[in-house]
């Protein structure tokens with residue numbers, strides 16, 4: 001899994017303390033980090049939708065697009081694609097993705113202190129011994145005071161759900177969860193938009209984030 005950081009978008013893999021940064025100007029920059037679930041718990045990134053761009057960001061995204069082949073979005077080029085969704089799916093939207101974490105203390109610190117997310121809602125299930133943490137970029141001052149209504153409010157936002165199975169943080173035999181960074185690979189990354197890639201990375205460094213690869217290091221045909 002990766003997290004990408006760029007003036008137009010940011011991609012970071014799921015390790016909370018290490019970032020692999022690979023860039024190919026003038027296109028958007030990418031950041032990738034490996035997960036250390038067996039050491040310190042997961043740090044996963046959630047998507048932050050792009051709402052506006054300055055001219056530089058716009059040009060970077062266009063440059064990024066030109067590196068790919070010509071547009072091939074039509075169904076004829078994509079076997080299996082249905083370009084006319086069933087009316088029954090009208091109103092569907094991507095609301096959350098769930099990732100399991102070893103130690104919520106470490107993961108919450110990464111998402112809140114490093115990435116600036118807020119805890120929209122926490123749900124504990126004592127009988128089943130697990131907790132859910134819903135993280136996102138919403139204004140929690142606007143959240144309802146009533147606990148049940150706040151849950152309803154949370155499920156109307158785009159969030160990342162961190163699932164903690166109690167006891168994994170202190171279990172010496174717990175090896176962690178597969179993060180997609182090693183074989184067999186699968187899940188890739190979340191994308192987060194930042195104003196300035198370099199400034200963001202400077203801040204990460206000051207916060208103790210260990211970079212596997214810094215901006216402009218190495219060669220890359222892609223940014224993941």
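Residue numbers (UniProt numbering): 1 to 224.
For each residue, glycine too, the CB sits at the ideal point set by N, CA and C.
Note that the coordinates shown come from a computational prediction; the quantities given were computed from them, not determined experimentally.
DSSP places residue 178 in the coil class of the three-state scheme, outside both helix and strand. The C-beta distance from residue 160 to residue 180 rounds to 15 Å, too long to meet the 8 Å contact threshold. With respect to the 8 Å criterion, residue 118 and residue 151 are not classified as neighbours on the basis of their beta carbons. Counting every other CB atom within 10 Å of its CB across the protein chains shown gives residue 102 a total of 16 or more, marking it as buried. Counting along the chain, no alpha helix (DSSP H) covers residue 158, and no H or E run does either. Residue 78 sits in coil when the DSSP states are folded into three classes, being neither helix nor strand. In this structure, residue 95 places its C-beta atom within 8 Å of the C-beta atom of residue 158. According to DSSP, residue pairing for residue 131 in a beta bridge involves 124 and 164.
Of all C-beta pairs linking the stretch 74-85 to the stretch 166-176, fewer than three are shorter than 8 Å, placing the two stretches out of contact. With respect to the 8 Å criterion, residue 201 and residue 184 are not classified as neighbours on the basis of their beta carbons. In the three-state reduction of the DSSP assignment, residue 57 falls in the helix class, which pools H, G and I.
Residue 111 counts as buried, since at least 16 other C-beta atoms from the protein chains shown sit within 10 angstroms of its C-beta. If you ignore the 5 residues before and after residue 114, its C-beta comes within less than 7 Å of the C-beta of 204, 207 and 209, all in its own chain and listed in chain order. The stretch 123-137 makes no contact with the stretch 61-74; the number of CB pairs closer than 8 Å stays below 3.
Collapsing the DSSP output to three states places residue 66 in a helix. When the Cα atoms are used, residue 91 and residue 83 turn out to be separated by approximately 16 Å.
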